[in-house]
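Notes to accompany the following structure.
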Amino acid sequence: MIIDTTQLDSMARYVAALRGNLDANIGKAMTGAAFDAKDYLKQETPNYIDAPTKWTLNSTFVSRATANNPAVMLGFKDYAVKGTPAAKYLQPIAAGQPRSHKGFERQLQDTGVLRPGEYAVPADVYPLRLNAYGNLPSSAYVRVLSGVKGFREGGYKANAVGASPFFVGQPGGLPRGIYARVGPRPKRGGLPRGFHTVFNITRQPRYKQTFPARRLMIQKFDEKFPIIFERLVFNQK
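The numbering of the sequence shown is the working numbering, which starts it at -7 and goes up by one.
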């Protein structure tokens, strides 16, 4: 008996081609849904973070899926040419975990100003006030580092010479912190002369989960993937 396998071969090639298109469409749909999730997180971020900077709003990345690797990755950028990587300050509030030392604190520890295990948290009082984004400007950190001699001497002298308004201690039995010596402010109702706590020295701060980034991205990804996949499979616009 002679069996004609021509049709079987043709069907096998058709199934293989169909399978190849399916894998490619899955990858494209996953990538499209991931970028939609990224955009959705950017849109929702101001609801959880007050006055986020452009750097924070553009803090996520997406890795593309392919036919051979049907997987995507959404996450916070953990690199930065200048400044602090977004993952450093967003991951703790997204996952509810202890905060790591910032560069300012590492310098204070390296120079012995802070003890091992200590952290310095801005107190938001005169003469150092937070900006509209809830951060201290970099110039404020430089002033404090210089005042408490927290710069490492390497090639140039950045530490203040002589008296400085900033110091570390417990004046009058107050809690250990970084203080500023201040006089009356030049306006009615100004703060009195004395010591103002500009940084509270604490144990390792732990953030509560106040930014549900993972939930938001998964929610949007799950919503968009089947829509995009169906459009690709049926060649819909």
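Built from N, CA and C at the ideal position, the CB exists for glycine as well.
- Listed in chain order, the non-local C-beta contacts of Ala43 below 6 Å within the same chain comprise Ala124, Tyr125, local neighbours out to five positions each way being set aside.
- Between the C-alpha atoms of Pro77 and Ala112 there is a straight-line separation of about 19 Å.
- Look at Tyr111 here: in three-state DSSP terms it is strand.
- Look at Pro90 here: in three-state DSSP terms it is strand.
- As computed with DSSP, Ser55 is found in a beta bridge with Met65.
- Counting only the Cα atoms, Gln196 lies some 21 Å from Val117.
- Only buried fits Val136, as 16 or more other CB atoms lie within 10 angstroms of its CB.
- Secondary structure at Arg98: helix, using DSSP grouped into helix, strand and coil.
- In this structure, the alpha-carbon of Ala115 lies about 9 Å from that of Leu122.
- Ranking Gly24, Leu120, Ala79 by CA distance to the CA of Pro62 puts Gly24 first.
- Each of Gly139, Gly186, Thr202 was checked against the Cα of Ser156, and the nearest Cα belongs to Gly139.
- Under the three-pair Cβ rule at 8 Å, the stretch 98 to 113 does not count as touching the stretch 207 to 225.
- Leu66 places its beta carbon less than 8 Å from that of Lys30.
- Residue pairing by DSSP places Tyr171 opposite Phe159, Thr189 in a beta bridge.
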